[in-house]
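Asks: Can you read through this structure? Questions will come right after.
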Amino acid sequence: MTPGEHLRLELKRLALNQGELAAALGVSRQTINNVINGRQPVSRALARKLGPITGKAGDYWLRDSYPEPPGAKAASKPVNEALRPAAKSSTG
123 MTPGEHLRLE LKRLALNQGE LAAALGVSRQ TINNVINGRQ PVSRALARKL
173 GPITGKAGDY WLRDSYPEPP GAKAASKPVN EALRPAAKSS TG
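Structure follows, in structure tokens:
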């Protein structure tokens, strides 16, 4: 999991949108969007700001990757596979 993917999960956990997080950190919404979408790394300055809001030390945000959260693999099942049983029952 990339830092951006992890930040996306943190936004959900904190019930914040990108604009709200950006305002709380004193950065632009575009900066947060760029990190989430992998166009920009987490800088040391951003990591220091993320620490108090997320409850994770600033250095935590400077990692290259993070472990998958429990259940992430099940949630990443392709949509067509997830819909297949429903489609069969509706055509039957």
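Count along the sequence shown from 1, then add 122; that gives the number in my numbering.
Glycine residues also receive a C-beta, built at the ideal position from the N, C-alpha and C atoms.
Note that the structure is a prediction, hence the values are computed from the model and not measured.
#1: Would a C-beta distance cut-off of 8 Å place Leu184 and Ala169 closer than the cut-off?
#2: Can you have a look at Gly177 and say buried or exposed, based on whether 16 or more other CB atoms are within 10 angstroms of its CB?
#3: In this structure, does DSSP put Thr176 in helix, strand or coil?
#4: Check Val157 in the structure and name its three-state DSSP category.
#5: Is the beta carbon of Gly148 closer than 8 Å to that of Lys171?
Replies: For this structure:
#1: yes
#2: exposed
#3: helix
#4: helix
#5: yes
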